[in-house]
Amino acid sequence: MEEEIKELQNALRAKEKFESKQTYDRINGNEIENYIHLEKIREIKTPSESTLFEKLINITEQQKINMKSISNLTKQLSNLDKLHLSMLELLENVETIEIKVDKNLPEFRNEISKLEIQVSESSSAVSLLKEDQKNVIDSLKAISFTVSNMQDKSNEEHKHLEELDDTIKNLVKSHSVQNSKLHDHILKEESNSINLNATKATIHLVQELKSFESEYKSIVNKLPRNCGTVDGPSGIYLISPGDSEPILAHCEAGWTTVQKRYDGSINFNRNWNEYSNGFGSATGEHWLGNRNLHYLTKENCSQLQINMKDIYGKYWQATYEDFRVADYSMGFKLSVGRYNGNASDALNYQNLMEFSTVDNDRDISNTHCASNYEGGWWFSHCQHANLNGRYNLGLTWFDSSRNEWIAVASSEMRVKRRDIC
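Residue numbers (the UniProt record's numbering): 1 to 421.
The following block contains the structure:
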């Protein structure tokens, strides 16, 4: 088949060459030669010439189709090459990522292990917190029940103390009335120039008076002198510090509360006599009284503890192992010593100062400290320490370690007899 194609192609080329040279060269005799050549070509044309031409055309068309297919295949191969290159690049990237992953995998595993440990610890902590919360709730319920019972008991005791206080006051009043009657009777007897032998009425009155006095003294003598001799839980007790009437005081572990501030419900801008005798209630804000402070500390064997909370919620404490308040005649002079605590020794600036009130200025300042700060205190100059000033304005304590004042929101002053005197 290939030979026929070649022969046919040669014949076609010869024909084309002949037709392009139809000019006869009669002189050179080329016409005869060309004629002979043409005849040979004609001889080549056989009856199957048309078939061969058709085959040639078909083959040519098929070649074109094949060439087109080859071109398409070439393009596809080119695309495949590009795809192959892309795949190679992708594989390289994957290998790079795998290398990085392999390199960082131990670190990731460590981090995951740490996170798992943290989650486990957190779960354990949450479990513990839940358990603690349950315990706290149970404890609070128990405390609430106990406090409720103690409150009921405290109310009963407080009612009993008030009744006892009323009884004592009635006895004192009766004593005063009987004493007045006796005095009037004696004056009457003296005015009538009665002889020294008393009448039966006078004798009976004196005996009755002595009976009241004996009963009153018996009751008072049975009362504790301070909270140090109180045998019982924290609460309000009737004590008899000195020669004056018994008083109600808050006792806790031997400590006697002498001052309390926490909400400003009681006005502390009082005169000299009110500070001398005391004011307020032992169940709330109060000042126990300078006379009672003297009776509680006159043996020079008492300590003072001051507990404070500032406006930011921080707690402060100042304790003085030596604490004494002089009597009325000495202006209730303050004596303190041997400080310890975290609130700074602010009372040292006011040591040996007499008590000042709005109507009795005994400070050494050029101004009237008690009047300006609306409360009685052992002022030297107006600052350093003042827990009886106007609430939310005048409650201060100087902290020398920070060189600034503590803004006091609540305070409690309490005294206790030292174990060793």
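From the three backbone atoms N, C-alpha and C, an ideal C-beta is built for every residue, glycine too.
Query - For residue 240, the three-state DSSP class (helix, strand or coil) - result: As a first step, residue 240 is located in the sequence shown; it is residue number 240 there, counting from the start. Residue 240 falls in the coil class under three-state DSSP.
Query raised in the report: Going by beta carbon distance, what residues of the same chain come within less than 8 Å of residue 180, once the five residues before and after it are set aside?
Result: As a working note, residue 180 is residue 180 in the sequence shown. Here residue 180 has no same chain residue with a Cβ atom under 8 Å from its own Cβ, once five neighbours each way along the sequence are excluded.
Query - Option in 242, 235 and 112 with minimal Cα separation from residue 222 - result: Numbered from 1 along the sequence shown, position 222 holds the residue referred to as residue 222. Comparing Cα-Cα distances from residue 222 to each of 242, 235 and 112, the minimum goes to 242.
Requested in this report: Hey, could you find the ends of the alpha helix (DSSP H) residue 291 is sitting in?
Outcome: On the sequence shown, residue 291 is found 291 positions in, with the first residue counted as 1. Counting along the chain, the alpha helix (DSSP H) containing residue 291 begins and ends at 290 to 297.
Report task. Name the two residues that bound the continuous beta strand (DSSP E) containing residue 339. Result -> To locate residue 339, count along the sequence shown from 1; it is residue 339. Counting along the chain, the beta strand (DSSP E) containing residue 339 begins and ends at 334 to 341.
**Report entry** Beta-carbon proximity of residue 302 to residue 323, cut-off 8 Å
**Finding:** Here residue 302 is taken as the residue at index 302 of the sequence shown, counted from 1. Here residue 323 is taken as the residue at index 323 of the sequence shown, counted from 1. In contact: residue 302 and residue 323 (Cβ atoms closer than 8 Å).
Requested in this report: Would you kindly work out how many angstroms separate the C-alpha atoms of residue 299 and residue 367, rounded to a whole number?
Outcome: For this step, residue 299 is matched to residue 299 along the sequence shown. For this step, residue 367 is matched to residue 367 along the sequence shown. Rounded to the nearest angstrom, the two C-alpha atoms are 34 Å apart.
Requested in this report: Taking the CB atoms as reference points, tell me whether residue 347 and residue 407 lie closer together than 8 Å.
Outcome: Mapped onto the sequence shown, residue 347 falls at position 347. Mapped onto the sequence shown, residue 407 falls at position 407. Between residue 347 and residue 407, the gap from beta carbon to beta carbon reaches 8 Å or more.
Query raised in the report: If residue 317 and residue 411 are in contact, beta carbons under 8 Å, what's the gap, nearest whole angstrom?
Result: By 1-based counting over the sequence shown, the position of residue 317 is 317. By 1-based counting over the sequence shown, the position of residue 411 is 411. No, residue 317 and residue 411 are not in contact; Cβ-Cβ is about 11 Å, not under 8 Å.
Report task. Give the DSSP-derived three-state secondary structure of residue 356 in the structure shown. Result -> Numbered from 1 along the sequence shown, position 356 holds the residue referred to as residue 356. If DSSP states are grouped into helix, strand and coil, residue 356 belongs with the strands.
Query raised in the report: Is it right to say residue 350 is buried, meaning 16 or more other beta carbons lie within 10 angstroms of its own, or is it exposed?
Result: Sequence index remark: in the sequence shown, residue 350 carries index 350 (1-based). If you draw a 10 Å sphere on the C-beta of residue 350, you find 16 or more other C-beta atoms in it, and that means buried.
Requested in this report: Starting from residue 370, trace the alpha helix (DSSP H) both ways and give me its first and last residue.
Outcome: Counting from one through the sequence shown, the residue named residue 370 turns up at place 370. First-last of the alpha helix (DSSP H) with residue 370: 369 to 373.
Query - Extent of the continuous alpha helix (DSSP H) to which residue 277 belongs - result: Here residue 277 refers to the residue found at position 277 when the sequence shown is read from its first residue. The continuous alpha helix (DSSP H) containing residue 277 extends over residues 272 to 277.
Requested in this report: May I ask you to report which of helix, strand or coil DSSP gives residue 228?
Outcome: Position 228 of the sequence shown, counted from the start, is the residue given in the question as residue 228. Residue state, collapsed to three classes: helix.
Report task. Use the C-beta contact count for residue 375: other C-beta atoms within 10 angstroms, 16 or more gives buried, fewer gives exposed. Result -> For this step, residue 375 is matched to residue 375 along the sequence shown. Counting of Cβ neighbours within 10 angstroms places residue 375 among the buried residues, the total reaching 16 or more.
Query raised in the report: Once you ignore the five residues that flank residue 156 on each side, which residues in its own chain have a CB closer than 6 Å to its CB?
Result: Stepping through the sequence shown from its first residue, residue 156 is reached at position 156. Excluding positions up to five away in sequence, the list is empty.
**Report entry** residue 313 to residue 105 span [Cα, whole Å]
**Finding:** Position 313 of the sequence shown, counted from the start, is the residue given in the question as residue 313. Position 105 of the sequence shown, counted from the start, is the residue given in the question as residue 105. For residue 313 and residue 105, the gap between their C-alpha atoms comes out near 51 Å.
Query raised in the report: Going by C-alpha distance, which of 231, 264, 245 and 267 is nearest residue 251?
Result: For the purposes of this step, residue 251 is identified with residue 251 of the sequence shown, where counting begins at 1. Nearest option by C-alpha distance: 231.
Requested in this report: Could you tell me if residue 53 is buried or exposed, where buried requires 16 or more neighbouring beta carbons within 10 angstroms of its beta carbon?
Outcome: Looking up residue 53 in the sequence shown gives position 53. So residue 53 ends up on the exposed side.
Requested in this report: Would you kindly check if the distance between the Cβ of residue 276 and the Cβ of residue 289 is under 8 Å?
Outcome: What you label residue 289 is simply residue 289 of the sequence shown in a count that begins at 1. What you label residue 276 is simply residue 276 of the sequence shown in a count that begins at 1. Against a cut-off of 8 Å, the Cβ pair of residue 276 and residue 289 comes out as a contact.
Report task. Would you please state the rounded distance, in angstroms, between the beta carbons of residue 239 and residue 283? I believe it to be under 8 Å. Result -> Your numbering for residue 239 matches position 239 in the sequence shown. Your numbering for residue 283 matches position 283 in the sequence shown. Actually they are not in contact, since the Cβ atoms of residue 239 and residue 283 sit about 15 Å apart, beyond 8 Å.
Query raised in the report: Looking at C-alpha atoms only, which residue of 70, 305 and 371 is the closest neighbour of residue 342?
Result: Locating residue 342 in the sequence shown gives position 342, where the first residue counts as 1. Out of 70, 305 and 371, the CA that lies nearest to the CA of residue 342 is found in 305.
Report task. Name, in chain order, the residues that DSSP records as bridge partners for residue 302. Result -> Here the question's residue 302 lines up with position 302 in the sequence shown. DSSP output for residue 302 lists 323 and 417 as bridge partner(s).
Query raised in the report: Taking the alpha carbon of residue 227 as the point to measure from, which residue in 293, 86 and 264 has its own alpha carbon closest?
Result: Here residue 227 refers to the residue found at position 227 when the sequence shown is read from its first residue. Among 293, 86 and 264, the Cα nearest to that of residue 227 is on 293.
**Report entry** DSSP state of residue 63 mapped onto helix, strand, coil
**Finding:** In the sequence shown, residue 63 corresponds to position 63, counting from 1. Correct three-state label for residue 63: helix.
Query raised in the report: Taking C-alpha atoms, which residue in 307, 332 and 269 lies nearest to residue 378?
Result: Stepping through the sequence shown from its first residue, residue 378 is reached at position 378. Ranking 307, 332 and 269 by Cα distance to residue 378 puts 332 first.
Query raised in the report: Mapping DSSP to helix, strand and coil, what is residue 408?
Result: For the purposes of this step, residue 408 is taken as the residue at position 408 of the sequence shown. The three-state secondary structure of residue 408, taken from DSSP, is strand.
**Report entry** Residues of its chain near residue 330, where Cβ-Cβ distance is below 6 Å and the 5 sequence neighbours each way are ignored
**Finding:** Taking the first residue of the sequence shown as 1, we reach residue 330 at position 330. Only residues of its own chain outside the window of five on either side were considered, and among them none has a CB closer than 6 Å to the CB of residue 330.
Query raised in the report: What number of angstroms, rounded off, separates the C-alpha of residue 79 from the C-alpha of residue 99?
Result: Position 79 of the sequence shown, counting from 1, holds the residue named residue 79. Position 99 of the sequence shown, counting from 1, holds the residue named residue 99. Using only the alpha carbons, I get a separation of about 29 Å.
Query raised in the report: How many angstroms separate the CA atom of residue 326 from the CA atom of residue 264?
Result: Counting from one through the sequence shown, the residue named residue 326 turns up at place 326. Counting from one through the sequence shown, the residue named residue 264 turns up at place 264. Distance between residue 326 and residue 264, taken at the CA atoms: about 28 Å.
Query raised in the report: Who does residue 248 pair with in a DSSP beta bridge?
Result: Translated into positions along the sequence shown, residue 248 becomes position 248. Partner(s): 238.
Requested in this report: Along the beta strand (DSSP E) that carries residue 261, what are the first and last residues, could you check?
Outcome: Here the question's residue 261 lines up with position 261 in the sequence shown. Run containing residue 261: 255 to 261, per the beta strand (DSSP E) assignment.
Query raised in the report: Going by alpha carbons, who is nearest to residue 399 out of 58, 391, 57 and 345?
Result: Within the sequence shown, numbered from 1, the residue matching residue 399 stands at position 399. Shortest Cα-Cα distance from residue 399 to any of 58, 391, 57 and 345 involves 345.
Requested in this report: Assuming residue 414 contacts residue 257 (C-beta within less than 8 Å), just tell me the rounded distance between them.
Outcome: Numbered from its first residue, the sequence shown carries residue 414 at position 414. Numbered from its first residue, the sequence shown carries residue 257 at position 257. For residue 414 against residue 257, the beta-carbon gap comes to about 5 Å, under 8 Å, which counts as contact.
Query - Extent of the continuous beta strand (DSSP E) to which residue 283 belongs - result: Mapped onto the sequence shown, residue 283 falls at position 283. First-last for residue 283: undefined, no H or E at that position.
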